[in-house]
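So the structure is just underneath, and the comments pick up after that.
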Amino acid sequence: MRRLGRGFYVAAGLSGMAFGVLAVAVPMHVAALHRPASLAGQLLASVTIAVAVGALSAGPLGRAVGSARNVLAASMAVSAVGQVVLLAVSDTTTMLAGTVLVGLGIGLFWVSSQTLLGKASGSKGSERGFALHYAAYTLGVAGGSALAGVSVALLRRAGADEALAVRLSYAVGAAATMAALALWRPERRRAEDLPRQVHPHAAAGAFAMQLPDLLLVAALALMLPLAPLVLVRQFHLAPLVVGLVFAGVQGGKVAGTLAGRVTCREHGHRVAILVLLATGAVLSLLLSVSTDILGAPVFVLVLVATAFVTTGAWPLIVDSALARTAPDDRPGATVTWNVLEYGVIAVMTAASGWLLASFHRPALLFTLGAGFLAAAAVAAAIVLMRPVYAPDGAGREAALEPASC
C-alpha cells in the first residue's frame, strides 16, 4: 500500500474550509432573508441527503475513473461547482442546487478518503491517519467559518446589504475547493479496490457495528448545524462574532480529535470512546440549561467543549468499526456506512429545524442530543467487545489493546 502524503491532509483541510463557509453562510443567508428556521434546516438537510447519494455513487464512479484517488479529485471538482452556483444565485429556491452539488462532493470525499485510510485499519497506530485527516478537515472548517464571518463583516462595512454580503462569502469556499483540486491531482486510470457493486443492507451485525456512529452523528446533527442561527436569534450576535464562534467550535473539534488519540494511546479505544461520549452527554445537558439561564458566554464555552469531546470520539469509532470488519469488505462497508450516516444526519438536521421553528426552544435540541450521546456510549460499550481482524485479513485478534493506539 502506498503511503498517503502530506498533500492528502492539506487537501482535506481545504475541502473542510469550503464546508465551513457553507455551514455558516447558509443559516446566516436564511436569517438575512427573514425566512423561518425550518428553511435553514431543510437546506442543510439537502446537503446531507446529497452526501448520502454521493457516497452511494462512489462505487460506480470509482469504476469509471479507476481509483479512490481520482474519486477524491472528482469530489473536489463537484464541490467547487456547487460553491460557484451558491455564489451566483440570489434566492433560496436556486440555493438548493448549490447545496446539493456541495453535498454530492462531500459524499464522494468521505468515501474515497476513508477507502484510502481504511486499508491500514487494525494495524498498530491505524487511528493516527483517521485522526490527522479529521483534524485537518475540521481545522479547515474552522478557517472557513471564520473567513465567512469576516468576509460578511467586511462587505457590510463596504456598503453591501446583509443578504448580498453573505452570498459573496461563498467565494471563499469556491477558492478553497479549487485550490484543493490543484493540489490533489488525479492519476492515470487503474484498477482499484473500490466495490464493484454496492448493496446497502440492514443485517443485524452490520447495523450493530455502526450503531454508536449513527447515534453520535444524530446527536451532532441535532445540536450543531443550526447553532449559528441560535447565536443570531437567541443571543443576537453579529455575523462576525457568529463566524468566529463557529470557528472556535471547529477548533474544539480539532483539539478533541488530537486529545482523543492521546487518550486512546494511553488507555485504549474502549476507554477513550466511552469517556468522550459520556462527557459529551453531560455537556449537552449543560448546553440546554445555558440557552435560557446562563447566557451567551457560557453557551459558547460549553458549545466548544461539547464539540471537543463528541467529535474527538468520531475517528476512533470509525477506525474501531473498520478494524472489526473483514478487510475485503471494508470498501463496500465504507460506502454503505456513509449512506446510512448521512441519511441519519439529513433526517436529524431537518428535524432540528422543524423543532426550532415549532417550539422556539433551542434547549430541546440539546436535551435530545444528550440522550443520543448517552445511547451511543451504551452501544459502543457492547460493540467494542468484539475482536478485530488482523491487518493482513488472515483472521481475528483480541480486542485492541492500549498499546495499539
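Here the sequence shown is numbered in numbering that gives the first Met the number 0, starting from 0 and rising by one per residue.
Where a beta carbon is used, it is the ideal one built from N, C-alpha and C, also for glycine.
Alpha-carbon spacing of residue i relative to residue j, whole angstroms
i: Glu246; j: Val281; result: Reading off the sequence, residue 246 comes out as Ala, not Glu. In a straight line, the C-alpha of Ala246 is about 23 Å away from that of Val281.
i: Ala145; j: Val244; result: 8 Å
i: Pro250; j: Leu138; result: The sequence shown places Gly at residue 250, not Pro. In a straight line, the C-alpha of Gly250 is about 6 Å away from that of Leu138.
i: Thr262; j: Tyr8; result: 22 Å
i: Ala157; j: Thr98; result: 27 Å
i: Ala10; j: Ala67; result: 14 Å
i: Gly394; j: Thr333; result: Bear in mind that a pLDDT of 49 at Gly394, under 50, signals an unreliable position, so the number given afterwards is only what the model happens to contain. Looking at the two C-alpha atoms, the distance is approximately 20 Å.
i: Ala345; j: Ala217; result: 9 Å
i: Arg166; j: Ala24; result: 7 Å
i: Leu364; j: Ala159; result: 34 Å
i: Ala237; j: Ala226; result: 14 Å
i: Pro194; j: Ser56; result: Residue confidence is low: Pro194 scores 44 on pLDDT, short of 50, so the model does not pin down where it sits. Its coordinate-derived value is still stated next. So the two alpha carbons sit approximately 11 Å from each other.
i: Leu21; j: Ala362; result: 24 Å
i: Met16; j: Ala147; result: 10 Å
i: Val303; j: Val377; result: 24 Å
i: Gly12; j: Arg127; result: 16 Å
i: Phe18; j: Ser150; result: 15 Å
i: Ser111; j: Leu355; result: 34 Å
Unbroken alpha helix (DSSP H) run spanning residue i, endpoints
i: Thr310; result: 295-322
i: Thr290; result: Careful: Thr290 lies outside any alpha helix (DSSP H) and carries neither H nor E.
i: Gln82; result: 67-87
i: Gly267; result: Neither: Gly267 is in no alpha helix (DSSP H) and is coded neither H nor E.
i: Pro326; result: It is not in any alpha helix (DSSP H) - Pro326 carries neither H nor E in the DSSP assignment.
i: Arg5; result: 5-31
i: Ala237; result: From DSSP, Ala237 is part of no alpha helix (DSSP H); its letter is neither H nor E.
i: Ala174; result: 169-182
i: Leu363; result: 361-382
Cβ-based neighbour list, residue i, same chain, cut-off 8 Å, excluding 5 preceding and 5 following
i: His200; result: Low per-residue confidence applies at His200: pLDDT is 48, beneath 50, and the placement is therefore not dependable, though the value from the model is reported in the following sentence. Within the same chain, His200 has close Cβ partners Thr335.
i: Val253; result: Ala134, Thr137, Leu138, Ala141
i: Leu154; result: Leu163, Ala164, Leu167, Ser168
i: Ala258; result: Phe307, Gly311
i: Leu107; result: Gly53, Ala54, Ser56, Ala57, Leu60, Val70, Leu71, Ala73, Ser74, Val77
i: Val241; result: Val23, Met27, Gly148, Pro227, Leu230, Val231
Residue nearest to residue i in terms of C-alpha spacing, selected from the options
i: Val229; options: Ala295, Val274, Gln209, Arg68; result: Ala295
i: Leu367; options: Ala356, Ala350, Thr176; result: Ala350
i: Leu180; options: Ala73, Ala304, Thr333; result: Ala73
i: Val387; options: Gln113, Ala325, Val80, Ala379; result: Ala325
i: Leu95; options: Phe298, Leu276, Leu43; result: Leu43
i: Ala175; options: Ala162, Ala141, Pro26, Arg156; result: Ala141
i: Glu340; options: Leu21, His33, Thr47, Leu32; result: Thr47
i: Val84; options: Val101, Leu71, Val70; result: Val101
i: Gln233; options: Leu273, Leu276, Arg260, Ile292; result: Ile292
i: Ala380; options: Val270, Gly342, Gly370; result: Val270
i: Gly413; options: Ala79, Leu131, Gly172, Leu60; result: Residue 413 cannot be examined here, being either before or after the span of the chain that is shown, 0 to 404.
i: Asp318; options: Thr256, Gly81, Asp90; result: Thr256
i: Leu275; options: Thr309, Leu225, Gly242; result: Thr309
i: Ile316; options: Gly12, Val382, Ala76, Pro227; result: Val382
i: Ile272; options: Ala312, Val88, Gly6; result: Ala312
i: Ser287; options: Arg360, His235, Ser45; result: Arg360
i: Arg260; options: Leu302, His235, Val297, Pro314; result: Pro314
i: Val64; options: Val151, Gly342, Arg34, Arg184; result: Arg184
i: Glu161; options: Leu13, His132, Leu239, Leu223; result: Leu239
i: Leu285; options: Ser112, Gly242, Phe358, Gly370; result: Gly370
i: Ser357; options: Arg5, Gly81, Pro35; result: Pro35
i: Ala406; options: Val231, Thr278, Leu86; result: Lying outside 0 to 404, the shown extent of the chain, residue 406 is not represented and no answer is given.
i: Ala5; options: Ser111, Ser45, His132, Leu86; result: The residue asked about is misnamed: residue 5 is Arg in this sequence, not Ala. The shortest Cα separation from Arg5 among Ser111, Ser45, His132, Leu86 belongs to His132.
i: Val343; options: Ser14, Leu86, Ala170, Ser45; result: Ser45
Neighbourhood of residue i by C-beta, 7 Å cutoff - its chain only, sequence neighbours within 5 removed
i: Ala320; result: Met208, Gln209, Asp212
i: Trp109; result: Ala54, Asn337
i: Ala39; result: Val25, Pro26, Val29, Leu225, Leu228, Gly352
i: Val301; result: Leu282, Leu285, Leu286, Ser289
Same chain only: Cβ atoms within 6 Å of residue i, ignoring 5 sequence neighbours per side
i: Ala373; result: Ala280
i: Arg385; result: Arg323
i: Val299; result: Val244
i: Met347; result: Ala217, Ala220, Leu221
i: Met177; result: Ala79
i: Met75; result: Thr176, Ala179, Leu180
i: Ala49; result: Val99, Gly102, Leu103
i: Val375; result: Rather than Val, the amino acid found at residue 375 in this sequence is Ala. Cβ neighbours of Ala375 beyond the five flanking positions: Pro211, Leu214, Leu215, Leu276.
i: Ala130; result: Thr256, Arg260, Pro314
i: Val88; result: Met94
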